[in-house]
Every structure is written in C-alpha cells, then in structure tokens.
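> Chains A and B, in that order, are what the protein sequence lines are. Residue numbers for the first sequence, in our numbering: 1 to 408. Residue numbers for the second sequence, in our numbering: 409 to 702. Glycine is no exception: its CB is placed at the ideal position from the N, C-alpha and C atoms. Have a look at this one.
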Amino acid sequence: MRNVSKRPTRIEPRSLARHWMLRAVSLLAAVPLLGLAPGIAAAQGKEIKIGVVLSVDGPWGSYGKKAFRGVRLAAEDVNKAGGINGMMIKLVEYDNHANAREVPNIIRRLATSDNVVAIIGPFTSGEGEVGFPVANQLKVPIVAPATAKGGIMKGNRPWAFRTVMPDDENTAPTIRHVVKQRSIKSVVIFMDVKDAVSNYMGSKFWPALFDELGVKHETVTFQSNAPSVAAQVSKVKSIAPDAVVLASASGDAAKVAIELRRNGVTAQLLGSGGLFGEEFVKSGGAAVEGAITAAQYWRENPDPKVQALVKSIEGRTGEKLVLHEAYSYDVVLALRDAIVKSGVTGKPEDLDKDRERISGALDGLEISGASGYHRIEPKTGEVFRPIMQATVKGGDWQVEVIQATKGN
Amino acid sequence: MDGALLLQQIVNGLVLGSSYALVALGFTLVLGTLDLLNFAHGETIMVGAFAALVSLTVLDLPLLLTFVVAAAIGALVAAIVYVVSIRFVNKTYWAAPALSAVGIGLLLQTGATRIFGTNQREVPDPLRSAQFSVDGVTISVSQVLIIAVTLAIMFALHLLLIRTRIGKAIRAVAESVTAAALLGVNVERTIAITLIISGILAGIAAVLTSFAYTTITPFIGLNLLLKGMTGMIIGGLGNVYGAMAGGVIVGLLETFTVGYWSATYQDVIVYGVMIAVLMFRPAGIFGAKIRKRA
Numbered sequence: 001m002r003n004v005s006k007r008p009t010r011i012e013p014r015s016l017a018r019h020w021m022l023r024a025v026s027l028l029a030a031v032p033l034l035g036l037a038p039g040i041a042a043a044q045g046k047e048i049k050i051g052v053v054l055s056v057d058g059p060w061g062s063y064g065k066k067a068f069r070g071v072r073l074a075a076e077d078v079n080k081a082g083g084i085n086g087m088m089i090k091l092v093e094y095d096n097h098a099n100a101r102e103v104p105n106i107i108r109r110l111a112t113s114d115n116v117v118a119i120i121g122p123f124t125s126g127e128g129e130v131g132f133p134v135a136n137q138l139k140v141p142i143v144a145p146a147t148a149k150g151g152i153m154k155g156n157r158p159w160a161f162r163t164v165m166p167d168d169e170n171t172a173p174t175i176r177h178v179v180k181q182r183s184i185k186s187v188v189i190f191m192d193v194k195d196a197v198s199n200y201m202g203s204k205f206w207p208a209l210f211d212e213l214g215v216k217h218e219t220v221t222f223q224s225n226a227p228s229v230a231a232q233v234s235k236v237k238s239i240a241p242d243a244v245v246l247a248s249a250s251g252d253a254a255k256v257a258i259e260l261r262r263n264g265v266t267a268q269l270l271g272s273g274g275l276f277g278e279e280f281v282k283s284g285g286a287a288v289e290g291a292i293t294a295a296q297y298w299r300e301n302p303d304p305k306v307q308a309l310v311k312s313i314e315g316r317t318g319e320k321l322v323l324h325e326a327y328s329y330d331v332v333l334a335l336r337d338a339i340v341k342s343g344v345t346g347k348p349e350d351l352d353k354d355r356e357r358i359s360g361a362l363d364g365l366e367i368s369g370a371s372g373y374h375r376i377e378p379k380t381g382e383v384f385r386p387i388m389q390a391t392v393k394g395g396d397w398q399v400e401v402i403q404a405t406k407g408n
Numbered sequence: 409m410d411g412a413l414l415l416q417q418i419v420n421g422l423v424l425g426s427s428y429a430l431v432a433l434g435f436t437l438v439l440g441t442l443d444l445l446n447f448a449h450g451e452t453i454m455v456g457a458f459a460a461l462v463s464l465t466v467l468d469l470p471l472l473l474t475f476v477v478a479a480a481i482g483a484l485v486a487a488i489v490y491v492v493s494i495r496f497v498n499k500t501y502w503a504a505p506a507l508s509a510v511g512i513g514l515l516l517q518t519g520a521t522r523i524f525g526t527n528q529r530e531v532p533d534p535l536r537s538a539q540f541s542v543d544g545v546t547i548s549v550s551q552v553l554i555i556a557v558t559l560a561i562m563f564a565l566h567l568l569l570i571r572t573r574i575g576k577a578i579r580a581v582a583e584s585v586t587a588a589a590l591l592g593v594n595v596e597r598t599i600a601i602t603l604i605i606s607g608i609l610a611g612i613a614a615v616l617t618s619f620a621y622t623t624i625t626p627f628i629g630l631n632l633l634l635k636g637m638t639g640m641i642i643g644g645l646g647n648v649y650g651a652m653a654g655g656v657i658v659g660l661l662e663t664f665t666v667g668y669w670s671a672t673y674q675d676v677i678v679y680g681v682m683i684a685v686l687m688f689r690p691a692g693i694f695g696a697k698i699r700k701r702a
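Laid out in structure tokens, this is it:
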C-alpha cells in the first residue's frame, strides 16, 4: 500500500536508504519523528500541541500509515481555516514501531516533556491497554481511533476516550439480523488466540451471541501470523458448518478465507466490524466475496458534509478514504471542537487546566466528520455510531444501515 | 476419532514440517559447517517468497523459472549477508556476525514492508487445482511436490557434502579453519560458497513454503527461522538428516496440537519438546555428540 500523498512528512522518508539508516541507528527504539506537515511547520505564532502515537510498522502498519495521514490532513485543514481560537495545531508524532511496550514511555514523554494538551492514539487494543492507564495517571486526555476491544475503557476514566465502537456492541445487531435472514444453524468460530480483540470476541462475545440465538457453535483456534492454517481448515471441513466466523485481524481473516475456499469450504463468512476495511477485501480477493460483517464507516454516506470531506481528502491523497484515515481525521476535529467549546487558553501555565477542560468537553461531544455523525458518550468515553451491515460484492463493500440512532 | 481427518492432518503436518525442514537445512548447513548463526536466513526466505510472488503474478513466469528466480534472489541475499556480516566483521567475537545478520534481517523486513506493504498477499499455486482424494483425504500435487523436493534437497545436500570437492572443502573448514587453510583450502571462498548454497536453498524453500502457506507477509521470516531452528535443535545440531527429521517433527506437533487441541498450546508443546530434548539429549534426537571446533 503506497502513500501517494503529495505532501510527504518526515515519518515516511523520501528514500528507503534513509529510513533503513534510521532503523539501524534506532534499533527498534521509539524515535520521535518530528512529523510536522510542511504547512504546519511553517505556521507562525501561537501553537497548541497535540501528541500522536501510532505505528506504520507491524501487522497493522498499513492502517497506521493511513491513520497518521488522516491526523495530518485534519491538522492541515484546521490550520488553513485559521487554527483553533487563533492557535495553530502543532502535531508531536511518535511511531511506536508496533511495540506496545513503547507506548507508555511515549505517552509519558508527550505528557511530561512535550507538554501536549491531548494525545491521539494508540492504535491497537493491546497498546491501549498499556497506554490508557498511563494517560489516566498523568491526567492527559487520550483519544484512540481504533482500539475496539470491549471493556478496555473501564478503569481508565475520565481521561481515556475512543471513537471506534467496541466490536461487540457494533456487531451483535448485524449478526442477529443475518442469522435470522439466512437461517444459519451451525457455525465455526475461527479464532486468533494471540490478538487481544479477537480472543475476547472469539471466546466471549461470539459464543454468547450464538447461545442467545440458538445456533450450534464450535471453535477452532490459530495464532496471528501463523504461516499455515491448513490443519484448522481440515477440521472446519469435517464439521461442515453453515457459517464460519472470522474472529481475527483482517489480514489473517483473509488468509483463513483463502485457505477455506481453496479446500472447498463454501460456508457463509461472517465477521465483526474489525474486518470492515480495505485490507480484508484486497488481501482476500475472490475468497471473501459474499462475506458479511458489521460496519462503522460508510464512505458513500449521502450526508453532504461527509461527501464534501471525502472529496476534499481523496483529492489530496489520490486514494479512497478508508475507515482508519477517516476516524483519525475526525479525532482531530473532535479535539478542535472540544478546545473551542471549553475555552482552552494554550498558555503553558494553564496546561493542567486546559487538559481538564478538553477532557470535560469531550464527554458528550457530537461530531460530524469524514466518518459521519458520531457521539462520545458522557462518562464512559465510549462512542456511538450508526449500526451497519457490510457485504463484499464485486470486490468492494456494500453498506446498509440497520440502526441509525441509539435506542432504535 | 475420524480416520479420514486423522490422515488429512498427517498430510498437513508433513507438508508444514517439510517447509520447516527446508528452513532448517539451510540454517544447519551454515551452522554445522561454519559455526556461524545466520539469523538473516528467515528473511532471505521471505525475500525469496516475494520474488516468487512477483514472478508468478507480475512477470507471469512459469513455475520452473519461478524457482530459478527465487533461488537466484536467495543466493544474492546470502552473498550480501556474507559480505556485510561475515567477510568484513571481526569473527573473533562470535556474536558479531550473528548480530550483524540480525541487522540485515531487520533491514530486509523493513524494506519489504515499504515495497509490498504489510497486508497478506495471496500466492497463486499453479498446481493447486491438480489434486486427488484417497479415502476422504485430499492431497494436492503441490503438497506432494513440497515433500518430494524437501527429501530430494536433503539427499542432494548430503551428496554435495560427501562426494564433491567443494563439499570436502566445507567439511575441512568445519573441522578446523587453520588446518584447512594450511592444506590449501581457500577458506573465505568456501564460506562464501556455503552461504550462497544456503541462499539457493532459501529461494527454493521460499517458493514451496509460499504454496504451503497460501499467503505471505514481510513478517513470515522470523516465524520460519524460529521453527526451523527448533526443528534443527530437536533433530540434531549441524546434522542434515536431523534437521529434516526435526522440521517434520515440529510440523506434526503443531498440526496435531491445533487440529485436536488449541493453538494456545502449540508453542508450549513445540518448545516444551525442544527443552526436553536439550535436557535429555543435548545433541538432538539424531545428533551424534557435541563436538568442539578446533
């Protein structure tokens, strides 16, 4: 996946050699990458610093790359429009190189040395689990755009927020609908035991949901990035279920789907909202045709505001706007709105108060951004987004809204 | 227990084990003959796998040429490893070449993620549709090919070491670098050739493992290396037949653990067996005795 942004930043080096040199010197250490977009770096006058901790490496690297770009584009747009209360956003970016252990150190540095008013990230649930407690302890607002594991906000309030719905809350209504519609009687849950979200979904959420629906279920397990899943697929073939639930990250799910189809398993493929994204379709190809998942993002949303933002972002990147880029873009908008709403001063002596103001303003904030309407719920730090069903048709996702607002 | 499923899992285990054996063979060749830990071997296979992917999908090359391209790329990477990590690195500190090879491996992985991204890439298997069923067990021609080529490589490697001039030179260097040099063996050239042979093996392994694994990512190298090394330790350090047998044992252990129990325990079982072997038979199941290099 190539980043074709016309305004490359220093986190995506202009030459491989330069990046390799950097890696060799840093030896996996988290390196502050001074990821200022040129437009931002050139900005003069008063600045408001926002920290970013994401990663362009590891299995989620392609998503992380898009998330970084979404944050930068939003900051660029906000600054072009005059900043926030006259203050220009200055992003202080760190790449944790897909190493969860680096996340607490980076958050500590952002909070105590870089003196940011808020932090965007981290990316994965595993990173969130170790990063959120540190942000909570240091009393700095942290907003994660992609940590979807259920229950991880508890114990990390009032400073932690996320703008992705937990997989379980988002997925259950969609799957109830599909099971009923397709008369599914038996399923195999194909679970990744290494990934935090997949393990939670595969061992808790999916079995409970299928018990509730009276669907017979069995579980087969694998480890993320396992070279081969042939043994598990042979087992699925012998069970011959109506559907197979792919409880894993999208890349691994695509691998499982390919192996299933190559072995003649034609069962309906199901997944949570975590699979909804371009990697699953791109990596899975024909094997994932017809797969159904929950969805939290709709690029074709007819809302004129969404379409204007989609057009503006895609015009600059030359690529389709995908979930993680849109979510990350919207996190900057959420922080902008919170800063405006709470009267943040940006003065160094007001740093603690400013952080408190932002945290308070994020509670209950309604956002209309590139990913459409969503609302950060008061007190929990969770978000509500419309519930949607996505089906792979003709090599792309087709989205259908199942529940537009909460309580429907 | 379902008999057909059991037989199918044995086939799956043999195929997976063969892929580990191929990794172990290349690694053990360098370790057993030169006492060098080439930690870039897994990434060499990863690069070879992407070479195979490009050959099949972009260049549309036939299968035989794909093997040639992957083997050539594997040899090239191994030659680079030799020059950067061995030739000009002080070998009196044993860890220096090994750590340098780790660095090369990281560079190769980072380079691959930048060029190919981090997504899973499906490797088309030209032989996949050719398959046959026996008593409910489905076996594809490519699975047979993987097992057959692994066996062939093992015998070829054995013959190379026993019957050829370069094989004798490699064994001489393995016995004693000083004595080999005094007897007129060009030590540096022998080390370079050994690395290149392991690179060619890595290239061939790359094509076959790509077929066995269905998809590849830039992160397969480390996993393969660990499993290959484990197979090598279980089978017998520096022993070609031991590496082969060890790789197959690891493949079967993994397959049966995930097929009949849970993937949660696959590492516990595999590494548990490895620890047990190290405790009770340190030279490996098929190893002779731990020798000290002159």
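Apart from the five residues on each side of it in sequence, which residues of its chain come closer than 6 Å, Cβ to Cβ, to Ala29/A?
Working through the first sequence from its first residue, we reach residue 29/A at position 29. Confidence in Ala29/A is poor, its pLDDT being 39 and thus under 50, which makes the residue's placement too unreliable to answer from.
> So is Ser670/B in contact with chain A if we call contact Cβ pairs under 8 Å?
By 1-based counting over the second sequence, the position of residue 670/B is 262. By this cut-off, Ser670/B is an interface position.
> Using the Cα positions of Val178/A and Ile402/A, report the straight-line distance between them to the nearest angstrom.
Here residue 178/A corresponds to residue number 178 of the first sequence, with the count starting at 1. Here residue 402/A corresponds to residue number 402 of the first sequence, with the count starting at 1. Each residue's alpha carbon lies about 11 Å from the other.
> For the candidate residues Leu516/B, Ile494/B, Gln517/B, Leu515/B, whose alpha-carbon lies nearest to that of Ala506/B?
Within the second sequence, residue 506/B is the residue found at index 98, counting from 1. Considering only alpha carbons, the answer is Ile494/B.
> Beta-carbon within less than 7 Å of Ala370/A's beta-carbon, same chain only, minus the 5 sequence neighbours each way: which residues are those?
Taking the first residue of the first sequence as 1, we reach residue 370/A at position 370. So the qualifying residues of the chain are Val306, Leu309, Val310, Ile313, Leu321, Ala326, Tyr329, Asp330.
> According to the Cβ coordinates, are Gly659/B and Leu439/B closer than 8 Å?
Taking the second sequence and counting its residues from 1, one reaches residue 659/B at position 251. Taking the second sequence and counting its residues from 1, one reaches residue 439/B at position 31. The answer is no: Cβ separation not under 8 Å.
> What did DSSP end up calling Ile189/A once you bin it into helix, strand or coil?
Position 189 of the first sequence, counted from the first residue, corresponds to residue 189/A. Looking at Ile189/A - three-state DSSP - the assignment turns out to be strand.
> As an exercise, report each continuous alpha helix (DSSP H) stretch of at least 4 residues that is fully enclosed by the segment 245 to 278 of chain A, in chain order.
DSSP runs (the alpha helix (DSSP H)) wholly in the segment 245 to 278 of chain A: 250 to 262.
> What residues of chain B sit near Lys149/A, judged by a beta carbon separation below 9 Å?
Numbered from 1 along the first sequence, position 149 holds the residue referred to as residue 149/A. Residues of chain B passing the Cβ test: none, with the nearest at roughly 18 Å.
> My output table needs one value for Phe664/B: the three-state DSSP class, helix, strand or coil.
Mapped onto the second sequence, residue 664/B falls at position 256. Here Phe664/B sits in helix by DSSP.
> Using a C-beta cutoff of 8 Å, does Gly667/B count as contacting chain A?
Start at 1 with the first residue of the second sequence, and residue 667/B comes out as number 259. Chain A, which has a Cβ nearer than 8 Å to the Cβ of Gly667/B, makes this yes.
> Do the segment 269 to 280 of chain A and the segment 247 to 254 of chain A meet, that is, are 3 or more Cβ pairs less than 8 Å apart?
The segment 269 to 280 of chain A, when compared against the segment 247 to 254 of chain A, does touch it at the 8 Å Cβ threshold.
> Can you pull the chain B neighbours of Val193/A, defined as C-beta to C-beta under 8 Å?
For the purposes of this step, residue 193/A is taken as the residue at position 193 of the first sequence. Simply Ser670, Ala671, Thr672.
> Give the single residue among Gly360/A, Val193/A, Arg336/A, Ala118/A whose Cα lies nearest to the Cα of Ser368/A.
Here residue 368/A refers to the residue found at position 368 of the first sequence. Measuring from the Cα of Ser368/A, the nearest candidate turns out to be Arg336/A.
> Is it buried or exposed for Leu413/B, if we count other Cβ within 10 angstroms and need 16 for buried?
By one-based count along the second sequence, residue 413/B stands at place 5. Buried is the call here.
> Can you tell me which of Pro122/A, Pro59/A, Val188/A, Lys379/A puts its alpha carbon nearest to the alpha carbon of Ser359/A?
One-based indexing of the first sequence puts residue 359/A at position 359. Cα-wise, what sits closest to Ser359/A is Lys379/A.
> What three-state label does DSSP hand Gly202/A in the structure shown?
Taking the first residue of the first sequence as 1, we reach residue 202/A at position 202. It is helical.
> Would you check if the distance between the CB atom of Ile368/B and the CB atom of Met687/B is smaller than 8 Å?
Outside the shown range of chain B (409 to 702) lies residue 368/B, about which nothing can therefore be said.
> Which residue from Val116/A, Tyr63/A, Val143/A, Ala208/A puts its Cα closest to that of Glu349/A?
Mapped onto the first sequence, residue 349/A falls at position 349. Checking every option, the nearest Cα to that of Glu349/A belongs to Val116/A.
> Does any residue of chain B have a CB that is nearer than 8 Å to the CB of Phe123/A?
Residue mapping note: residue 123/A aligns to position 123 of the first sequence, counting from 1. Chain B, which has no Cβ nearer than 8 Å to the Cβ of Phe123/A, makes this no.
> Given a threshold of 16 other Cβ atoms within 10 Å of its Cβ, counted over all protein chains shown, does Pro534/B qualify as buried or as exposed?
Numbered from its first residue, the second sequence carries residue 534/B at position 126. The residue is exposed, with fewer than 16 neighbouring Cβ atoms inside 10 Å.
> Please list the partners that Glu530/B has in chain A, where partner means a Cβ-to-Cβ separation under 9 Å.
Counting from one through the second sequence, the residue named residue 530/B turns up at place 122. In chain order: Ala254, Lys255, Ile258, Ser283, Gly284, Gly285, Ala287.
> Give the residues of chain A in contact with Gly513/B, contact being defined as C-beta atoms less than 9 Å apart.
Translated into the one-based positions of the second sequence, residue 513/B becomes position 105. Under the 9 Å cutoff, chain A gives no residues; its nearest Cβ is about 12 Å from Gly513/B.
> Between the Cα of Asp443/B and those of Thr500/B, Ala610/B, Gly421/B, spot the shortest distance and give me the residue it belongs to.
Translated into the one-based positions of the second sequence, residue 443/B becomes position 35. Of the candidates Thr500/B, Ala610/B, Gly421/B, the one whose C-alpha sits nearest the C-alpha of Asp443/B is Thr500/B.
> Rounded to the nearest angstrom, what separates Val497/B and Ser508/B at their Cα positions?
Taking the first residue of the second sequence as 1, we reach residue 497/B at position 89. Taking the first residue of the second sequence as 1, we reach residue 508/B at position 100. Going by the C-alpha atoms only, they are around 8 Å apart.
> List, in order along the chain, the chain B residues whose C-beta lies closer than 7 Å to that of Glu279/A?
As a position in the first sequence, residue 279/A is number 279, starting the count at 1. Chain B residues near Glu279/A: Asn527.
> Answer yes if the segment 646 to 666 of chain B comes into contact with the segment 178 to 187 of chain A, meaning at least three C-beta pairs across the two stretches below 8 Å, and no otherwise.
The answer is no - the segment 646 to 666 of chain B does not touch the segment 178 to 187 of chain A, with fewer than three Cβ pairs under 8 Å.
> Under a Cβ-count criterion, where at least 16 other Cβ atoms within 10 Å of its own Cβ denotes burial, should Gln674/B be classed as buried or exposed?
The residue you call residue 674/B lines up with position 266 of the second sequence. Classification of Gln674/B: buried, given that the 10 Å Cβ count is 16 or more.
> Just to confirm, is the Cβ distance from Glu451/B to Gly513/B under 8 Å?
The count along the second sequence starts at 1 and reaches residue 451/B at position 43. The count along the second sequence starts at 1 and reaches residue 513/B at position 105. Their beta carbons are under 8 Å apart, which means Glu451/B touches Gly513/B by this criterion.
> Within the chosen definition, does the segment 101 to 111 of chain A reach the segment 63 to 71 of chain A through at least 3 CB pairs nearer than 8 Å?
These segments do not touch.
> Check Met454/B in the structure and name its three-state DSSP category.
Locating residue 454/B in the second sequence gives position 46, where the first residue counts as 1. Three-state DSSP puts Met454/B in a helix.
> Enumerate in chain order the residues of its own chain whose CB-to-CB distance from Leu362/A is below 6 Å, with the five nearest sequence positions on each side excluded.
Taking the first sequence and counting its residues from 1, one reaches residue 362/A at position 362. Contacts found: Phe161, Ala338, Ile376.
> Taking 8 Å as the threshold (beta carbon to beta carbon), is Gln403/A in contact with chain B?
Residue numbering aside, residue 403/A sits at position 403 when the first sequence is read from its first letter. It does not; no Cβ of chain B falls within 8 Å.
> Compare the Cα-Cα distances from Met88/A to each of Lys49/A, Asn105/A, Thr317/A and report the closest residue.
As a first step, residue 88/A must be located in the first sequence, where it is residue number 88. It is Lys49/A.
> Assuming Ala429/B and Gly456/B are in contact, meaning their beta carbons sit under 8 Å apart, how far apart are those beta carbons, in whole angstroms?
Reading the second sequence from its first residue, position 21 is the one you call residue 429/B. Reading the second sequence from its first residue, position 48 is the one you call residue 456/B. In fact, because the Cβ distance is near 16 Å, the residues do not count as touching under 8 Å.
> If you reduce the DSSP assignment to three classes, tell me which class Ile184/A lands in.
Along the first sequence, read from residue 1 onward, the residue named residue 184/A stands at position 184. Three-state DSSP puts Ile184/A in coil, outside helix and strand.
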